[in-house]
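Each remark here refers to the structure printed beneath this line.
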Amino acid sequence: MIRQGYFTPRNALLLLTAGILSACHLPATENKTVSHAFLQQETHDTLLGRGLQPQIAAHPNLSGVVPLPDPIDAFASRILLIASAQRSVDVQYYIWRDDITGNLLLYALHEAAKRNVRIRLLIDDNGTSGLDEKLALLNAEPNVEVRLFNPFPFRTFKQLGFLTDFSRLNRRMHNKSLTVDGQATIVGGRNIGDEYFGATQGVAFADLDVMVVGPVVDDVSTDFDRYWNHQAAYPIEQLVDTPNQKTADMLLSEESNTARIPQAQAYVERIAHSSFVESMLAGTLAFQWVPVTMVSDDPDKVQGNAQHETMLMPRLLEILGEPTTSIDLVSPYFVPTEHGVEAFAALAKQGVRLRILTNAMEATDVLPVHAGYAKYRLPLLQQGVALYEMRREGGKDEDRAKEKAGPFGSSGSSLHAKTFAVDGKRAFVGSFNFDPRSAVLNTELGFVIESESMAHAITDAFDHSIPYYAYELAVEKNNDLVWISQTAEGPQTQTTEPSSTFFKRLYIGFLSLLPIESLL
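Position one of the sequence shown corresponds to residue 22 (the working numbering), numbered consecutively onward.
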């Protein structure tokens with residue numbers, strides 16, 4: 022006999038949900054196809070290979086670097102590289118949006134596959150909302166394989182998976198790279214979506230990628246293979262059915278007609294008239310030929326099994342060595358932790374100048390991360406660290422900040438670039454945020470670039486342009502924080518968190534008290 026009141030609609034729903042979740046599990050991946058990237062020596066006869074090899078040969082042991090701070094250039098470089106592909110395209114991303122730029126790139130991959138180019142697309146499954154059918158359709162093409170990294174077994178309401186498998190699903194593949202014919206790669210902070218490529222009227226990210234050619238490309242290709250053949254990478258056909266013909270025709274039509282929809286036409290027109298496009302097509306891009314070292318996490322990190330010495334952070338510190346004069350750091354999500362504050366304090370005592378740019382509360386898209394950062398502002402400032410917070414409007418009315426946010430992206434409403442300069446001699450560009458999530462939970466990828474010009478560009482931004490689109494923080498009497506902004510009328514000082522309400526500040530204060538720092 023069922024106890025009275027137990028079998029209610031609410032309890033029935035909970036029982037049904039629990040039953041569905043418990044029945045959902047990931048298939049085995051032992052029998053999936055193992056494949057490997059084409060390396061440079063195998064693709065010297067491709068269009069890219071013939072165009073690049075003379076320059077590469079003229080700069081032995083060096084890689085050619087082109088920074089991509091402008092979102093239009095960043096998107097154009099991806100489209101043009103895919104269009105030039107003759108042998109392979111290897112793509113690895115954390116987020117892929119079902120929007121204008123996402124569909125334009127999916128269509129470009131479809132077209133490349135029709136030219137018998139091998140396509141391998143690896144996406145973290147947390148960032149593929151609404152794309153299952155389109156990805157399955159692309160996977161159905163000859164020459165194409167799509168894999169989902171660390172996937173959710175339950176597809177309809179994926180986030181319910183956190184209820185039963187939080188420890189696994191909380192770890193994500195945050196890497197971002199696109200490599201064509203083993204000859205050229207793009208690595209940096211951008212995911213695939215309109216907000217990263219200047220194709221939206223909403224939140225726009227100031228971001229940074231680099232396009233790189235030369236010997237380090239083989240390192241990226243080999244690293245891609247580590248993830249592609251890892252047990253956490255699941256062929257999409259094991260999780261998602263290929264859509265029926267009617268749905269397939271509709272989805273293909275949507276992709277192929279993306280460039281014709283009104284909101285996309287102006288954007289596509291800007292791409293077509295980009296000076297970067299002209300330079301790339303003419304083969305006149307100005308590469309910086311410098312030593313470049315790839316750093317990345319072991320993919321076992323996403324399962325909590327990576328050895329400490331195989332992770333990005335210790336390798337990065339080993340390569341950089343001990344800073345002697347300066348660190349200029351840009352990170353949209355900056356949670357230094359107590360250990361980080363101690364490390365910064367030790368460097369400051371040694372005379373190292375430390376400057377940090379992150380998002381202000383009004384510009385961040387993740388409030389809990391801001392709460393994790395906010396409680397360290399006063400200790401950092403007291404140790405002599407200079408703090409800047411990106412303003413929501415980016416100071417766009419100021420001439421000096423109207424067009425650019427320095428060397429890490431066009432001025433937008435939110436910072437997303439992850440880069441820093443050390444001692445004015447070397448720079449890092451990649452996916453790594455200075456927070457516990459990047460350090461411990463997510464896998465990351467980036468380049469250490471031995472380029473004084475790139476390092477100086479970051480330093481110059483702190484010297485000249487950042488004060489015009491960011492708040493500079495300072496400490497007044499009684500250890501009160503103030504936010505200083507440069508305006509046409511001169512410096513203006515605010516004594517409370519800019520653009521915040523009392524209740525929002527209360528909420529941030531509450532979040533900062535919760536034991537969630539390790540998850541940020």
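Ideal Cβ positions, reconstructed from N, Cα and C, are used throughout, including at glycine. Nothing here was measured: the structure is a model prediction, and the numbers come from that model.
Cα separation between residue i and residue j?
i	j	result
V557	L302	In the structure as shown, the chain starts at 22 and stops at 541, and residue 557 therefore has no counterpart that could be examined.
R447	E363	23 angstroms
D262	L158	9 angstroms
G151	A369	47 angstroms
L126	E518	39 angstroms
A442	S352	12 angstroms
N265	E275	15 angstroms
M475	S300	20 angstroms
L35	T185	At L35 the pLDDT is 46, less than 50, meaning the model places this residue with poor confidence and gives no usable figure here.
T514	R412	14 angstroms
S109	V233	16 angstroms
A33	P174	Note that A33 scores a pLDDT of 47, beneath 50, so its modelled location is shaky; the value from the coordinates is reported in the next line. C-alpha separation (whole angstroms): 22 angstroms.
F187	L181	10 angstroms
V450	K267	43 angstroms
S520	E383	6 angstroms
Within its chain, find whatever has a CB closer than 6 angstroms to the CB of residue i; leave out the 5 residues flanking it on each side and keep chain order.
i	result
V112	L142 and L199
T522	none
Y288	A220
L388	none
T385	H391
L341	V443
E473	K446
Q309	V86 and S472
A366	Q404
L527	none
D145	Y115, F170, R193 and M194
Leaving out the 5 sequence neighbours to the left and right, which residues in its chain are closer than 7 angstroms to residue i when beta-carbon positions are compared?
i	result
A392	I529, L532 and S533
P335	H329
A253	F170, N171, P320, V323 and Q324
D5	Past the boundaries of the shown model lies residue 5; the chain is included only from 22 to 541, so the question cannot be answered.
I537	P389
Below 8 angstroms on the Cβ atoms is my contact criterion, and I expect residue i with residue j to pass it. Report the Cβ-Cβ distance as a whole number of Å.
i	j	result
I292	A495	The Cβ separation is near 42 angstroms, so there is no contact.
I103	L68	The Cβ separation is near 12 angstroms, so there is no contact.
H195	S452	5 angstroms
V87	L306	6 angstroms
V224	E216	5 angstroms
P48	E166	Actually they are not in contact, since the Cβ atoms of P48 and E166 sit about 16 angstroms apart, beyond 8 angstroms.
G203	A58	6 angstroms
P428	A478	4 angstroms
Three-state secondary structure (DSSP) at residue i?
i	result
I282	coil
K525	helix
I487	helix
M332	coil
A227	strand
A482	helix
M382	coil
F449	strand
A157	helix
A254	strand
R376	strand
F170	strand
E162	coil
In chain order, what residues of the same chain lie with their CB nearer than 8 angstroms to the CB of residue i, ignoring the 5 residues before and after it?
i	result
N164	A134, N137, V138, R139 and I140
Practice prompt. Evaluate contact between the stretch 239-258 and the stretch 310-328, counting only Cβ atoms and requiring at least three cross-stretch pairs below 8 angstroms.
Written response: yes
Worksheet item: Are at least three pairs of beta-carbons, each pair with one atom in the stretch 374-384 and one in the stretch 400-407, less than 8 angstroms apart?
Response: Counting Cβ pairs under 8 angstroms, three or more are found: they touch.
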